[in-house]
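My numbering runs 1 ahead of the 1-based position in the sequence shown. Ideal Cβ placement from N, Cα and C applies to all residues, glycine included. In this text the structure is predicted, and so the values were computed from the model without any measurement. Take a look at the structure below.
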Amino acid sequence: MEHVLEVRNLHKDFHTKKGLLKAVNNISLYISRGETLGIVGESGCGKSTTGRAVLRLVEPTAGEVLFEGKSILELKPAQMRNMRRDMQIIFQDPFASLDPRISISEIIAEPLRVFNLYKKQGGERRVAELMDLVGLSKRLVNTFPHELDGGRRQRVGVARALALDPKFIVCDEPVSALDVSIQAQILNLLQDIQQRLGLTYMFISHDLNVVKHVSNRVAVMYLGKIVETTTSHNIFTNPQHPYTKALLSAIPIPKVGQKRQRILLEGDVPSPVNPPSGCIFSARCPYVMEKCRQQEPPMVEPAPEHTVSCYLVSDEMG
2 MEHVLEVRNL
12 HKDFHTKKGL
22 LKAVNNISLY
32 ISRGETLGIV
42 GESGCGKSTT
52 GRAVLRLVEP
62 TAGEVLFEGK
72 SILELKPAQM
82 RNMRRDMQII
92 FQDPFASLDP
102 RISISEIIAE
112 PLRVFNLYKK
122 QGGERRVAEL
132 MDLVGLSKRL
142 VNTFPHELDG
152 GRRQRVGVAR
162 ALALDPKFIV
172 CDEPVSALDV
182 SIQAQILNLL
192 QDIQQRLGLT
202 YMFISHDLNV
212 VKHVSNRVAV
222 MYLGKIVETT
232 TSHNIFTNPQ
242 HPYTKALLSA
252 IPIPKVGQKR
262 QRILLEGDVP
272 SPVNPPSGCI
282 FSARCPYVME
292 KCRQQEPPMV
302 EPAPEHTVSC
312 YLVSDEMG
């Protein structure tokens with residue numbers, strides 16, 4: 002299957018008063034056309050920075066990002082501007098990401114104006130099409146963001162992201178700021194739009210249940226690194242990395258009287274300014290060995306479409 006996006010050895014560092022913060026630390030991934038790659042992990046693990054670095058909303062420190070085989074990090078500003086028609090983002094906060102001073106029709110039309118694609122009659126028709134596509138009533142055309150609830154505001158954000166007919170969208174925790182009752186509506190909307198328009202998604206979330214609902218494959222991040230990647234089915238039925246197992250054990254079972262055996266991790270997440278040597282998970286791993294603290298484990302493939310960075314797995318493979 003054709004890869005729409007390939008990321009190779011991506012790094013993003015930030016200089017802070019305490020030292021160099023490695024927000025994204027040598028990650029590689031791919032997303033095939035029409036699929037959804039879910040990226041999960043605790044807050045602060047580098048998920049959102051990865052999504053923004055892929056789009057060059059923050060400039061990567063090192064690595065390669067290939068979109069349809071073309072290296073976008075080598076593009077000049079004018080070339081990158083044109084590339085943005087194919088690569089869009091839906092932001093986490095549907096209120097902070099919308100300009101409160103303009104109506105929702107103007108917000109949706111803004112990408113068309115930026116690229117000189119807005120002609121009076123055709124532009125209004127396109128805005129109406131987008132509003133219909135995301136389930137916004139025509140009577141809301143002149144309302145402002147503060148007059149809408151969170152779900153409708155996020156629909157505006159989705160419509161804006163679709164305005165230029167993109168091929169790839171980074172969904173940066175698009176439902177985490179919404180009520181649970183609204184989350185399912187937005188998730189179903191995103192899936193319906195993906196099927197109708199043939200879109201490719203990078204879906205970022207800290208909620209494994211949400212990722213299970215929308216993703217074909219899942220990449221688990223910890224402290225700026227990807228520690229496990231596999232299909233959505235495998236991540237829930239056959240997790241290999243101790244961190245993945247701990248995340249899954251924290252998911253409540255929606256059944257009275259039924260409980261899951263929790264894996265309690267000791268200690269706090271280490272600072273990305275001063276990460277542990279060797280395996281980044283060694284400070285909290287219940288199965289840590291001496292070599293884990295000395296050298297980073299290799300990324301191995303215990304089964305097709307399943308990669309893991311853990312000595313427990315690589316030693317078992319022989």
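Outcome for GLY70 when other beta-carbon atoms lying within 10 angstroms are tallied against a minimum of 16: exposed
If you check the beta carbons only, do THR230 and LEU30 fall under 8 Å apart? yes
Option in GLU130, THR144 and ASN189 with minimal Cα separation from LEU323: No information on residue 323 is available, as it lies outside the stretch 2 to 319 that the chain covers here.
Is the beta carbon of CYS286 closer than 8 Å to that of PRO240? no
How is ALA24 classed by DSSP in three states: helix, strand or coil? Strand.
What's the gap between the Cα of GLU7 and the Cα of ILE73? 11 Å
Under the three-state reduction of DSSP, which class applies to GLU65: helix, strand or coil? strand
For LYS71, which beta-bridge partners are listed by DSSP? PHE68
Taking the beta strand (DSSP E) that SER182 falls in, what are its first and last residues? Element bounds for SER182: not the beta strand (DSSP E) but the alpha helix (DSSP H), 181-198.
Are THR201 and PHE169 touching if we call contact CB-CB under 8 Å? Yes, the Cβ-Cβ distance between THR201 and PHE169 is below 8 Å.
Closest to LYS226 by CA distance: which of LEU21, VAL5 and ILE40 is it? Here the closest residue by C-alpha is ILE40.
Checking the sheet assignment: what are the DSSP bridge partners for MET318? MET318 is not bridged to any residue.
According to DSSP, simplified to helix, strand and coil, what is CYS172? strand
By Cβ distance, which residues of its chain are closer than 7 Å to THR50, with the 5 residues on each side in sequence left out? LYS13, ALA24, VAL25 and VAL59
Give the C-beta separation of PHE237 and LEU249 to the nearest angstrom, bearing in mind that I take them to be a contact with Cβ-Cβ under 8 Å. 7 Å
By alpha-carbon positions, which one of GLY123, ARG127 and VAL157 ends up nearest to VAL135? VAL157
Classify GLN296 as helix, strand or coil using the three-state DSSP reduction. Three-state result, GLN296: coil.
Could you check where the alpha helix (DSSP H) with LEU113 kicks off and where it finishes? 105-115
Since SER310 sits in a beta bridge, which residues does DSSP pair it with? MET300
Identify which residue in GLU75, VAL66, PRO95 and PRO167 has its Cα closest to the Cα of PRO112. PRO167
Considering Cα atoms alone, identify which of LYS18, ASN27 and HIS16 is closest to MET300. ASN27
Can GLU306 and THR232 be called in contact, C-beta distance under 8 Å? Cβ distance < 8 Å, so GLU306 and THR232 count as in contact.
With H, G and I counted as helix, E and B as strand and the rest as coil, what does DSSP make of ILE32? strand
Helix, strand or coil for LYS120? Go by DSSP, reduced to three states. coil
How about HIS207 and GLY42: are their beta carbons less than 8 Å apart? Yes, they are a contact pair.
So for LEU6, helix, strand or coil by DSSP? strand
CB-CB length for ILE108 against ARG161, believed under 8 Å: 6 Å
Suppose the cutoff is 6 Å on Cβ atoms and the five residues either side in sequence are ignored; what does the same chain contact list for THR62 look like? HIS12, LYS13 and ASP14
Contact defined as beta carbons within less than 8 Å: I believe HIS214 pairs with LEU190. What is the distance between those atoms, to the nearest angstrom? Not quite, the Cβ-Cβ distance comes to about 12 Å (not below 8 Å), so this is no contact.
Beta-carbon contacts of ALA110 that lie in its chain and below 7 Å, excluding the five residues immediately before and after: TYR119, GLY124 and VAL128
Quick one, which of ILE105, ASN235 and MET203 has its alpha-carbon nearest MET88's? MET203
Indicate the three-state DSSP secondary structure (helix, strand or coil) for TYR244 in the structure shown. helix
Consult DSSP for ILE236 and reduce its assignment to one of helix, strand or coil. helix
What is the C-beta distance between GLY47 and VAL171, in whole angstroms, given that I count them as a contact (C-beta under 8 Å)? Contact flag wrong, Cβ pair sits at about 14 Å.
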